[in-house]
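Enquirer: Once you've had a glance at the structure underneath, I'll fire off some questions.
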Amino acid sequence: MGAKKVLLMYISSVSGHRHASLAIQKALQEVDGGVQTKSIDAFNYTNPFLEKFINKLYTFVIKTVPRIWDYLYDNEDVLARVRKTRSLIHRLNEKKIKELFDDFRPDIVVCTQAFPCGMVADYKRRYNLNTPLIGVLTDYAPHGYWLNEFVDVYIVPTQEIKRKLAQRGIPQQRLRALGIPIDSKFREPGNPAEVLRRLGLDSNLPAILIMGGGQGLGPIKKIVRALDKLRHPAQLIVVCGTNRSLYKWLQKSKPLFTKPVSVMAYAERIDELMSISSFIVTKPGGLTSAEALSKSLPIIIVSPLPGQESLNTRFLLESGVALKVDSFAELRSLAEELLSDAARLEKLRERAHAAALADSAQKSAQLILSMIGGPRFNS
4 MGAKKVLLMY ISSVSGHRHA SLAIQKALQE VDGGVQTKSI DAFNYTNPFL EKFINKLYTF
64 VIKTVPRIWD YLYDNEDVLA RVRKTRSLIH RLNEKKIKEL FDDFRPDIVV CTQAFPCGMV
124 ADYKRRYNLN TPLIGVLTDY APHGYWLNEF VDVYIVPTQE IKRKLAQRGI PQQRLRALGI
184 PIDSKFREPG NPAEVLRRLG LDSNLPAILI MGGGQGLGPI KKIVRALDKL RHPAQLIVVC
244 GTNRSLYKWL QKSKPLFTKP VSVMAYAERI DELMSISSFI VTKPGGLTSA EALSKSLPII
304 IVSPLPGQES LNTRFLLESG VALKVDSFAE LRSLAEELLS DAARLEKLRE RAHAAALADS
364 AQKSAQLILS MIGGPRFNS
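Numbering-wise (the numbering used here), the sequence shown opens with residue 4 and increments by one.
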């Protein structure tokens with residue numbers, strides 16, 4: 004038998020789905036150096052035009068009319084109405100999927116987003132394939148677009164998500180509560196003093212990390228303005244992602260701030276930034292939340308997007324690892340309290356540490372490799 008081949012699929016180059024896919028890919032190589040892997044942006048591979056259109060449409064909707072996304076997300080009526088449309092899109096992409104399967108000949112397929120997972124599941128059904136398919140959920144909220152009898156196993160973030168999917172008809176033997184896969188570097192303790200020195204930050208000032216996901220979404224300008232008014236000494240670290248206008252505005256505005264503000268574009272070492280921060284102010288994407296928990300970093304949630312982020316917020320608040328503010332005055336007040344109350348901050352860190360599943364990528368990799376040549380559950 005030749006080398007094991009694992010095909011990983013996600014959508015969007017700046018998404019948490021991609022980071023989860025890359026984390027699993029890295030873990031597979033760490034577990035079995037001989038495994039062959041291929042990680043693909045499914046939209047870009049099958050239909051680049053469709054990818055650009057959908058990405059722009061999604062960004063437009065969540066920025067301008069977020070209520071629409073809230074209505075569409077996990078709505079059973081909408082799911083039923085778009086079923087034929089999804090099947091048509093899958094059929095249109097079928098030729099490219101067949102080329103991919105014929106060329107790479109994967110022993111197993113792993114999808115970190117529901118669209119490619121459904122596309123591969125339909126391809127399996129039409130061609131009567133027994134190639135195992137794993138769906139990896141990267142938010143603390145399941146939705147109906149994941150559900151498909153031709154998915155062999157679902158890797159889910161928590162036991163609660165496992166229970167909810169079982170209630171929706173997925174057999175228990177297809178569900179594994181392993182956490183959200185994140186890069187193994189988030190398990191490393193790191194060297195905060197060295198990171199502070201390398202980044203030119205003040206080791207005597209507490210650092211507040213501000214993020215808005217890979218696209219730098221959310222009211223980051225208002226967050227920075229609010230935290231710049233803190234009475235307590237602090238420094239701000241802002242990661243802008245692909246939001247170039249935000250990056251330019253912050254760079255231009257730096258001389259006007261009273262607090263030291265470090266501005267970064269798309270940072271590769273988020274783990275290092277988290278290791279030197281007192282807490283993070285962010286929108287609660289699944290990957291960002293899992294990464295923060297793995298670094299025992301308290302989370303302040305500002306302006307969660309409807310749909311998955313609202314449900315992520317509920318999970319984080321119920322777990323006691325995050326705090327949510329509804330105004331920028333409240334944000335400033337809460338930040339003052341946390342910076343002035345070391346015991347409260349430490350309690351949040353302890354809860355985050357207890358909720359973390361930092362080895363999810365490694366456990367996922369072990370499961371994936373064990374399934375190659377193993378049992379199928381969709382017979």
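Positions of the beta carbon are idealized from the N, C-alpha and C atoms, including for glycine.
#1: Rounded C-beta distance between A368 and I27? I'm assuming under 8 angstroms.
#2: Between S313, P307, S278, which lies nearest to S297 when the distance is taken from Cα to Cα?
#3: According to the Cβ coordinates, are L300 and K262 closer than 8 angstroms?
#4: List the whole-angstrom C-beta distance separating L290 from I183, where the pair is believed to meet the contact cut-off of C-beta under 8 angstroms.
#5: Taking the beta strand (DSSP E) that L394 belongs to, which residues open and close that run?
#6: Taking 7 angstroms as the limit between beta carbons, can you name the residues of its chain near E312, skipping five residues before and five after?
#7: Out of A325, E321, I137, Y157, which one is the CA nearest neighbour of A180?
#8: Which same chain residues, not among the five before or five after P135, have their C-beta less than 7 angstroms away from its C-beta?
#9: By DSSP, does G172 sit in helix, in strand, or in coil?
#10: Drop a sphere of 10 angstroms on the beta-carbon of Q126, count the other beta-carbons inside from all chains shown, and report buried for 16 or more, exposed for fewer.
#11: What are the start and end residues of the alpha helix (DSSP H) that includes I28?
#12: With DSSP run on the structure shown, which of helix, strand or coil describes L314?
#13: Tell me the DSSP secondary structure of K98 in three-state form.
#14: Tell me the DSSP secondary structure of L341 in three-state form.
#15: Using DSSP with H/G/I as helix, E/B as strand and the rest coil, what is P378?
#16: Where in the region 268–319 do unbroken runs of the alpha helix (DSSP H), each at least 4 residues long, occur, reported from the N-terminal end onward?
#17: Go through its chain and collect everything with a Cβ distance to L314's Cβ below 8 angstroms, but skip five positions before and after it.
#18: Closest by CA to R339, which one among K366, M214, A210, T316?
#19: So F158 is in the beta strand (DSSP E); what residue range does that whole segment cover?
#20: So, with DSSP's three-state summary, where would you put S42?
#21: Determine the extent of the alpha helix (DSSP H) in which Y250 is found, giving its start and end residues.
#22: Which partner residues does Y13 have in the DSSP bridge list?
#23: Could you check if L10 is buried or exposed, using at least 16 other CB atoms within 10 Å of its CB as the buried criterion?
#24: Buried or exposed, going by whether 16 or more other CB atoms sit within 10 Å of the CB of Y130?
#25: With DSSP as the reference, label S322 as helix, strand or coil.
#26: Run the CB neighbour count on S292, radius 10 Å, all protein chains shown included, and call it buried at 16 or more, exposed below.
#27: Near G377, which residues of its chain fall below 7 angstroms by C-beta distance, leaving aside the five closest residues on each side in sequence?
#28: Excluding the five sequence neighbours on either side, which residues of its own chain have a C-beta within less than 8 angstroms of the C-beta of L334, listed in chain order?
#29: Taking 8 angstroms as the threshold (C-beta atoms), are I173 and S363 in contact?
#30: Can at least three beta-carbon pairs, one atom from the region 316–328 and one from the region 239–247, be found at a separation below 8 angstroms?
#31: Can you name, in chain order, every residue of its own chain whose Cβ lies under 6 angstroms from the Cβ of G19, other than the five neighbours on each side?
#32: Please classify P258 as buried or exposed, where buried requires at least 16 other C-beta atoms within 10 Å of its C-beta.
#33: Looking only at C-alpha atoms, which of S280, T115, P160 sits nearest to D205?
Expert: Taking the definition as stated:
#1: 6 angstroms
#2: The residue with the shortest Cα to Cα distance from S297 is S278.
#3: no
#4: 6 angstroms
#5: Since the first residue shown for the chain is 4 and the last is 382, residue 394 is missing from the structure and cannot be characterised.
#6: K286, P287, G288
#7: Y157
#8: I111, D155, M374, R379
#9: coil
#10: It should be noted that the sequence gives Tyr, not Gln, for residue 126. Per the 10 Å Cβ criterion, buried.
#11: Checking the sequence shown, residue 28 turns out to be Gln, not Ile. If you look at Q28, you'll find it in the alpha helix (DSSP H) that goes 19–34.
#12: helix
#13: For K98, the secondary structure class from DSSP, reduced to helix, strand or coil, is helix.
#14: helix
#15: Legend: pLDDT at P378 = 43, less than 50; position of this residue unreliable, no value from coordinates given.
#16: 273–278, 289–297
#17: Cβ within range, chain order: D142, Y143, A144.
#18: Looking at the sequence provided, one finds Glu at residue 339 rather than Arg. When each option's Cα is compared against that of E339, the closest is A210.
#19: It is Ile, not Phe, that sits at residue 158 in the sequence shown. I158 -> beta strand (DSSP E) spans 156–159.
#20: strand
#21: 247–256
#22: D44
#23: Flag for L10 reads buried.
#24: Looking at its Cβ environment, which holds fewer than 16 other Cβ atoms inside 10 Å, Y130 is exposed.
#25: coil
#26: buried
#27: Only weak support is given to the placement of G377: the predicted model assigns it a pLDDT of 48, under 50, and the value that follows is read from those uncertain coordinates. No residues qualify anywhere along the chain.
#28: I226, A229, L230, V284, I303, V305, V328
#29: no
#30: no
#31: T141, G288, G289, L290
#32: exposed
#33: S280
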